Every structure is written in C-alpha cells, then in structure tokens.
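So the structure is just underneath, and the comments pick up after that.
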Amino acid sequence: MELAFDALNDAIDSDKTHLRTEEGVRGYYFVSFLALRIYFGILRRLREKELTSKISVEEVMFELSKVMKIREKNGKKYFAKIPKKARKIMDIFPEVFYK
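No gaps in the numbering here: position 20 of the sequence shown is 309 in my numbering, and each next residue is one more.
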C-alpha cells in the first residue's frame, strides 16, 4: 500500500486536487487509478525481466513519451522515427507495440 501511495504522490504527481465539483474529483481519482495501474504494470514487467536495477518506471515513461504513432487518412499506421533507447524499451513490451 505504501508503494502505491508513493507512486501516486511522486511518479504520477497526484497529490494536489484543485477541483471543486464531485464529478471533477471522481474523474481525477479515476485517471489517477488508471495511471497507477499503468505504473505497476510497467514495474511488474521490469521485475519479471530483472531490469529494475537498470531502468526505472519513470525512465520508461519518459523514453516512451518520445514514441509517436502516425495514422494516415487511408488508415495506414506506422511509428515515426524511434530513438534507440525507446526501441529497446518497446522490446520489453512487445504485446503493446508490435500487434
């Protein structure tokens, strides 16, 4: 539980809710919950591959934020140029990137 709390406050930066409506607060916590699920999904995979000493969840998210997928009007999809470090990280999650 403490690990989840730390992840929410530190990595996901969800310690401040400047929301005034109940609907806004619910939406905020729903998105925080989704972010937490993603965070721990990444952490689980890094642990499975014994990579936690080499790369952090935050580094994974940062490197993958550089990856852009392009969808043309004709429906064709492809990735824009992918940095080398991001490509290595993508290989850790083949079911997400190589369907």
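Backbone N, C-alpha and C define an ideal beta-carbon position, used for all residues, glycine too. Remember, it's a predicted structure, so these values are computed and weren't measured experimentally.
Where Lys358 falls: helix, strand or coil (DSSP) | strand
State the DSSP-derived secondary structure class of Tyr387, mapped to helix, strand or coil.
-> coil
Beta-carbon spacing of Phe368, Met350 below 8 Å | no
Going straight from the alpha carbon of Phe390 to that of Phe329, what length do you get?
-> Not covered by the structure: residue 390. The range shown for the chain is 290 to 388.
Counting only runs that start and end within the stretch 315–377, where is the alpha helix (DSSP H) found for 4 or more residues in a row?
-> 346–353
Is it the case that the Cβ atoms of Ile378 and Leu353 are separated by a distance below 8 Å?
-> yes
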